[in-house]
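The sequence shown runs 1 to 718 under UniProt numbering.
Just so you know, even glycine gets a beta-carbon here, dropped at the ideal spot from N, CA and C.
Just so you know, these numbers come straight off a predicted model, no measurement behind them.
Here the structure comes first, spelled out in structure tokens, and everything after it is commentary.
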Amino acid sequence: MLDICKLRDFTTFPLVYSKKINTVAVSNADPSLPDPVMYQLDITLKRGQNLAARDRGGTSDPYVKFKIGGKEVFRSKTRHKNLNPVWDEHVSLVIDQLKEPLYIKVFDYDFGLQDDFMGSAFLDLTALDFNRPNDVTLTLKDPRHPDHDLGSIFLSVELYPRDADQKEVLQTQSSRPLDVHRKSQLWTGIVSITLIEGRDLKAMDSNGLSDPYVKFRLGHQKCKSKTVPKTLNPQWREQFDFHLFEQQGGTIDITVWDKDAGKRDDFIGRCQIDLSALGKEQTHKLELPLQEGEGCLVLLVTLTASAAISIADLPLSSLEHRKQQEEVLQRYNLMRSFQNMKDVGHLQVKVIRAEGLMAADVTGKSDPFCVVELNNDRLLTHTVYKNLNPEWNKVFTFNIKDIHSALEVTVYDEDRDRSADFLGKVAIPLLSIQNGEQKAYVLKNKQLTGPTKGVIYLEIDVIFNAVKASMRTLIPKEPKYMEEEPRLSKQLLLRNFIRMKRCLMVLVNTAYYVNSCFDWDSPPRSLAAFLLFLFVVWNFELYMIPLALLLLLAWNYFLIISGKDNRQHDTVMEDMLEDEEEEDEKDDKDGEKRGFMNKLYAIQEVCVSVQSVLDEVASIGERIKNTFNWTVPFLSWLAIVALCVFTVLLYFIPLRYIVLVWGINKFTKKIRSPYTIDNNELLDFLSRVPSDVQVVQYHQLKSDPSQSPSKRRKHNPS
């Protein structure tokens with residue numbers, strides 16, 4: 001997952017440092033000046049000159065990193081195929097002392113591979129004049145080959161001392177790394193890419209074919225397509241969405257790879273999309289030839305304005321203003337059910353305060369801030385320093401693209417010198433939210449399987465169009481691009497095996513029951529089953545299948561409303577998840593002490609695949625069960641509507657006509673819409689139903705009133 005570090009308003013991007021290689025030292029600065037509380041360091045990265053060539057074409061794709069005191073504070077844009085790049089990028093930093101030099105590193109960007117080192121240099125901050133521009137030229141060197149000339153970097157640097165009165169202001173303007181900053185700020189647009197196909201790709205395997213897949217990268221946003229085996233003309237038909245943070249667009253780097261199990265994947269070719277050259281609010285069909293390879297890729301690219309998201313202080317809540325509330329309700333009323341189908345609803349989250357948080361600093365306090373996520377949309381609060389009971393009073397608004405998404409709110413402790421510490425997290429399915437209710441949510445651990453210290457107070461409002469939400473349920477679910485890569489875990493493997501076994505045992509027990517009727521173990525039961533069999537077979541019609549499922553849903557709903565809920569809280573699953581969490585913590589501690597041997601790589605990949613297949617199969621069985629158990633009433637009602645429609649259709653329309661319409665639709669779909677993305681409506685529906693693991697994760701813990709700081713103060717005034 002992603003490392004959360006510090007976010008501030010006027011620091012833009014992250015950076016890196018090391019030992020002294022080359023410094024600048026001439027200054028009129030007076031070393032006897034009193035050391036102020038903090039300094040502001042303004043740096044303009046101008047250009048590079050005669051940089052080292054690291055690519056086969058005799059060029060490089062250079063970018064620059066800055067680092068102070070071991071902390072990365074800035075990363076520049078990449079200038080492609082240029083040994084004399086011009087950046088003209090500005091960054092403002094807040095530093096505590098001048099003893100640590102500014103470390104500059106230059107790299108050659110290689111997408112999908114390790115970036116090549118192009119040289120480094122140091123800038124001695126004590127040698128700079130205060131309150132005026134310092135033009136600096138740094139000669140790049142390689143510590144392993146100090147005699148090599150790797151070119152020069154030109155900077156303009158200004159240093160300002162700041163007194164104690166400005167310390168708090170400056171602290172609120174220090175930086176978080178680029179990957180967090182870009183994902184948390186408000187984006188200006190969305191880029192939708194549909195990967196259609198590849199043509200005449202290069203053969204990389206001994207059989208004259210390849211197993212191609214595609215990687216996309218826009219800034220720090222990455223995604224990868226599925227692998228199409230044994231073909232030089234793959235058909236993907238996959239869609240990916242990226243956030244745009246720059247008005248002028250940006251460049252999407254695309255690389256094509258050949259999948260090789262057990263060894264390093266082969267590079268097939270690369271291409272780029274210059275977004276600044278594409279018109280907005282229209283779809284562009286692109287055929288991009290692959291550089292350094294053969295063939296081309298066919299894509300559809302659409303640039304649209306960003307969804308309506310915002311951050312405001314609590315008094316500025318949009319839903320508290322009657323006119324704005326009426327506009328939102330009007331936008332999602334049933335009369336507009338077929339306008340802008342991707343805009344399903346409106347979510348407003350009030351992050352009010354937290355109580356009793358964990359102390360993450362040595363002072364017994366924490367510097368908490370909140371991260372609010374909905375799918376790939378991510379916003380942050382400000383940091384409240386040295387406080388275990390912070391008040392944020394912020395309002396976040398999101399557009400809902402899938403009503404079956406879960407809102408994730410995570411609390412972190414800010415650390416200036418390293419990644420932020422995790423304090424707690426909650427995941428709240430949108431369909432479980434009660435509008436206008438201020439609720440205390442008990443914070444959970446990273447795996448959302450057990451409680452951690454503290455509670456967070458949220459007030460959430462959800463407004464959505466039920467027709468749009470129902471129709472969006474039957475299309476593929478949006479992937480989350482910031483999820484952690486799967487890794488081999490014996491506890492996870494065991495958990496998925498047990499889940500699979502439990503689903504299979506239902507079928508096995510049913511088979512045993514039917515067989516017992518055949519064996520007449522209980523004559524009355526067997527006689528009743530025999531008469532039922534004769535009646536059903538003699539009078540069977542196809543519409544009885546959805547009707548039987550409809551009756552099962554109705555029966556379980558009757559049990560729930562009558563207070564005879566047969567759904568049991570899965571304590572076994574909770575125990576397994578807690579064991580998995582303990583193993584993950586142990587693996588994190590021991591991970592640096594051990595590594596996997598290269599010859600076990602293929603075995604690990606197979607085990608991870610088996611682990612994932614077990615998870616998928618177990619999840620499908622659990623999702624079917626939870627549909628009929630009314631775990632998510634919205635989906636169960638939707639299933640009732642669908643089953644009613646199927647029952648009526650099958651009752652009034654002969655089966656042969658239904659099969660004929662289905663076959664004609666399937667055979668003509670690609671003719672009517674060549675670039676359509678294949679999907680299975682039933683599996684897309686089931687993907688919205690939570691599995692047993694997700695039910696446990698979404699289960700809200702009950703707050704213990706005795707642990708509330710306000711309660712403790714009342715009972716213990718001293």
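The Cβ neighbour count for I671, taken over all protein chains shown within 10 Å, is under 16; the residue is labelled exposed.
In the structure shown, F530 falls within a helical segment according to DSSP collapsed to helix, strand and coil. Judged by beta-carbon spacing, R237 lies within the 8 Å limit of I196, meaning their Cβ atoms are closer than that value.
Judged by beta-carbon spacing, V256 lies beyond the 8 Å limit of G208, meaning their Cβ atoms are not closer than that value. Rounded to whole angstroms, the gap between the alpha carbons of F398 and N376 is 11 Å. If you draw a straight line from the Cα of R132 to the Cα of C370, it comes to about 38 Å.
The C-beta distance from L155 to K46 rounds to 6 Å, short enough to fall under 8 Å. Of the other Cβ atoms in all chains shown, fewer than 16 fall within 10 Å of the Cβ of G450; this residue is therefore exposed. Counting of Cβ neighbours within 10 angstroms places T627 among the buried residues, the total reaching 16 or more. In this chain, the beta strand (DSSP E) harbouring K444 covers 437–444. T381 is positioned such that its CB atom lies closer than 8 Å to that of K394. DSSP links W662 through a beta bridge to no other residue.
For E72, the secondary structure class from DSSP, reduced to helix, strand or coil, is strand.
Per DSSP, reduced to three states, the secondary structure at F242 is strand. Spanning the alpha carbons of I677 and P229 requires a straight line of approximately 18 Å.
In this chain, the beta strand (DSSP E) harbouring Q348 covers 345–355. Taking every protein chain shown into account, the CB of P524 has fewer than 16 other CB atoms within 10 angstroms, so this residue is exposed. Assigned with DSSP and collapsed to three states, F398 falls in strand. Less than 8 Å separates the beta-carbon of A53 from that of L83. Secondary-structure assignment with DSSP links N207 through no beta bridge to anything.
Taking C-beta separations shorter than 6 Å and ignoring five residues to either side along the sequence, the partners of P546 in its chain run L643, F646, T647, following chain order.
With at least 16 other beta carbons inside 10 angstroms of its own, A360 counts as buried. In this model, G345 and I560 are separated by some 28 Å (Cα to Cα). Contact check for L553 and S612: beta-carbon distance about 30 Å, past the 8 Å limit, so the pair fails to qualify. For W637, the enclosing alpha helix (DSSP H) stretches over residues 633–652. Beta-bridge annotation (DSSP): Q272 is paired with D253.
One alpha carbon belongs to R264, the other to D211, and they sit about 13 Å apart. The C-beta of G563 has fewer than 16 other C-beta atoms within 10 Å across all chains shown, which makes the residue exposed. Within the same chain, I196, E197, E287 come within 6 Å of V298 by CB-CB distance, once the 5 residues on both sides are set aside. The criterion of a C-beta distance shorter than 8 Å is not satisfied by R270 and I252.
For F242, the closest C-alpha among the options D258, T231, K224 is that of K224. In this structure, V214 is the residue among K222, G219, V214 with its C-alpha nearest to the C-alpha of Q235. Here the C-alpha atom of L125 lies approximately 53 Å from the C-alpha atom of H699.
Annotated as distal: T452 and K439, with beta-carbon spacing of 8 Å or more. Taken through DSSP and simplified to helix, strand or coil, L329 comes out as helix.
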